[in-house]
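Those letters in the sequence shown? Residues 441 to 888, per the working numbering, in order. To start, the structure under review is shown below, and the notes come after it.
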Amino acid sequence: MTRALTAVASVALLVSCGGTASIDLSADVAPADVGVWDSTIDYGFAFPNFTSSTYPSELFNVEDITILFGDGPDVCASGSGADCELTAEATQFAQMVNTARSWGHCEGFSILAAGRYNDGLDPVSFELDDSPDVLHALMRGVASQFLPEVQAEADMWAQASLRDKVLHVQQSLEDGALDVSLGIYVDDAGHALLPYMVTWEDEDSAQIWVYDSNQPGLTVSVQVDLANNSWRFPYVGGQTWSGGSSMLDLVSIEDRTGQCPFCSSAVEVSRAAFYIRSESPDVGFSVDGESIESGTVSDDAAFRPMKGQQSGADEDSLGRLVGSQIISQVAAEALLENNSGQGRSEVFYSRASSVISDGVDVELRLPGAAAVFIVTDDGLHKFETSSGGGVSVDTEGIAASGGTLTVVSGNSLVQLEGVPGRVTVDFDVEVSHPSGDVITTSLPEGVD
């Protein structure tokens, strides 16, 4: 396997974002049948989407980080290449990606399949097996979804009209390349698909034909009813997913190698993003005390499912096919059992984000066991609770109670375990004592 395979499509989801939700393509683009592939055979992968427990020895690692973002001082605290010792923040990013991998790699499959086709790489994707090189390229595709640019573009398209989305996919295919990844969502789950053809029955009825990593080799489409502003998709296991316009989004497929979200060169976005793994669906999200409902998406705030299998796993679920061998039903059931708490039943994955400005307080309330990664302009943090708690962010810092808060910026790390407290952007630590007193400490002088 050449390095070209692992590098080319590893970051292909890193996207540009721009414009607003007030997109109007209908005046300039007429409905027309257009396609790049005849089917997913050859250009999609032969093996299906999988969770991290399918290949437990393969983890998103130092090599993946340095392929994505280089081995500069923001990534490596010391050394370079194979000798790189990751900074605290780079390590936290890797932990976030490996947590995300527990609910599948659909984003990575779409991005890698598109990148390899667009670059004309041999052998075709359908001929590749589940070798470590391929698995790690898929992992890097998963990692790319955490870039602020990607999330911003997805939220922008979620607000656009369904007609504009179909026309944009159609337009994107006209140059013979695969330039767009499509996301679909239901209340507790999401999934990434790769559009390769658009056909129209009439001006209000279209089909977006997609490569679905959950169903390799099958011909499936997202059926769009523009008259009723709705879509339907035959999800794996005989399920049918359906929704309105806001439950379908798009992101560009573009190589953005080196766009490191935690490096000093990263563009400030003045937002806080929470990536949530919870054993309860009843996560509360609020901005300045105003509750944000699940499914909300706007320029200021969003609260949406993450892409991935979340509940209701059955015998046709992810990871059932390993390489070219279909494993037995007993083994399949064992896989599902082993995946309990990792992207399966009673575990829910969601993303919340909000603009952060002076005087704005963004809060997450967790009713039960949960792990949350929090991304801000000042660092990449983590909050874990076994029985419920809360975490809040403003322009001055981050506070939490009911669990363990780990605040990371660059190579600096502060952890508050089991005590309510707050860490400022300058790494001043404020701990609330049961007596009501607040104990304040700072990093030793000379520590960055």
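C-beta: ideal position from N, C-alpha, C; glycine also. These figures come from a predicted structure and were not determined experimentally.
Determine which residues share a DSSP beta bridge with residue i and list them.
{"i": "ASP834", "result": "GLY837"}
{"i": "MET536", "result": "None, per the DSSP bridge assignment."}
{"i": "HIS545", "result": "Beta-bridge pairing links HIS545 to no other residue."}
{"i": "VAL664", "result": "ALA646, TRP671"}
{"i": "TYR483", "result": "Answer by DSSP bridge pairing: none, since TYR483 is not bridged."}
{"i": "MET637", "result": "GLY475, TRP649"}
{"i": "SER872", "result": "VAL878"}
{"i": "CYS516", "result": "LEU526"}
How big is the Cα-Cα spacing for residue i and residue j?
{"i": "ASP482", "j": "VAL582", "result": "22 Å"}
{"i": "ALA742", "j": "SER734", "result": "8 Å"}
{"i": "TYR463", "j": "VAL709", "result": "Looking at the sequence shown, residue 463 is not Tyr but Ile. Answer to the nearest angstrom: the Cα atoms are 22 Å apart."}
{"i": "THR506", "j": "PRO513", "result": "11 Å"}
{"i": "THR825", "j": "SER841", "result": "9 Å"}
{"i": "VAL869", "j": "SER882", "result": "6 Å"}
{"i": "ILE551", "j": "GLU857", "result": "38 Å"}
{"i": "ASP801", "j": "VAL863", "result": "14 Å"}
{"i": "PHE485", "j": "SER794", "result": "36 Å"}
{"i": "ASN851", "j": "MET746", "result": "28 Å"}
{"i": "ASP665", "j": "ALA472", "result": "16 Å"}
{"i": "VAL620", "j": "GLU803", "result": "33 Å"}
{"i": "CYS700", "j": "LEU634", "result": "25 Å"}
{"i": "GLY521", "j": "GLY623", "result": "34 Å"}
{"i": "TRP649", "j": "ARG744", "result": "24 Å"}
{"i": "PRO860", "j": "THR846", "result": "12 Å"}
{"i": "GLY459", "j": "ALA577", "result": "Residue confidence is low: GLY459 scores 39 on pLDDT, short of 50, so the model does not pin down where it sits. No coordinate-derived value is stated."}
{"i": "PHE549", "j": "VAL871", "result": "44 Å"}
{"i": "SER518", "j": "GLY510", "result": "13 Å"}
Tell me which same chain residues have a C-beta within less than 8 Å of the C-beta of residue i, skipping the five on either side of it?
{"i": "ARG541", "result": "THR491, SER492, PHE500, MET579, VAL582"}
{"i": "SER797", "result": "SER710, THR835"}
{"i": "SER686", "result": "ALA598, GLN599, GLY735, VAL737"}
{"i": "GLU614", "result": "VAL474"}
Once the 5 residues before and after residue i are set aside, which same chain residues still bring their CB inside 6 Å of it?
{"i": "VAL408", "result": "It is not possible to answer for residue 408, since the shown part of the chain is limited to 441 through 888."}
{"i": "ASP740", "result": "VAL795"}
{"i": "GLY837", "result": "ARG862, VAL863, THR864, VAL865"}
{"i": "VAL469", "result": "LEU607, GLN611"}
{"i": "THR844", "result": "GLU824, GLU857"}
Among residues of its own chain, excluding the 5 on either side of residue i, which ones have a beta-carbon nearer than 7 Å to its beta-carbon?
{"i": "GLY828", "result": "LEU806, PRO807, GLY808, GLY842"}
{"i": "HIS873", "result": "ILE879"}
Would residue i pass as a contact of residue j if the rule is Cβ separation under 9 Å?
{"i": "PHE725", "j": "GLU529", "result": "no"}
{"i": "TYR557", "j": "LEU618", "result": "yes"}
{"i": "VAL723", "j": "SER790", "result": "yes"}
{"i": "TYR651", "j": "GLY475", "result": "no"}
{"i": "VAL848", "j": "GLY876", "result": "no"}
{"i": "LEU602", "j": "LEU688", "result": "yes"}
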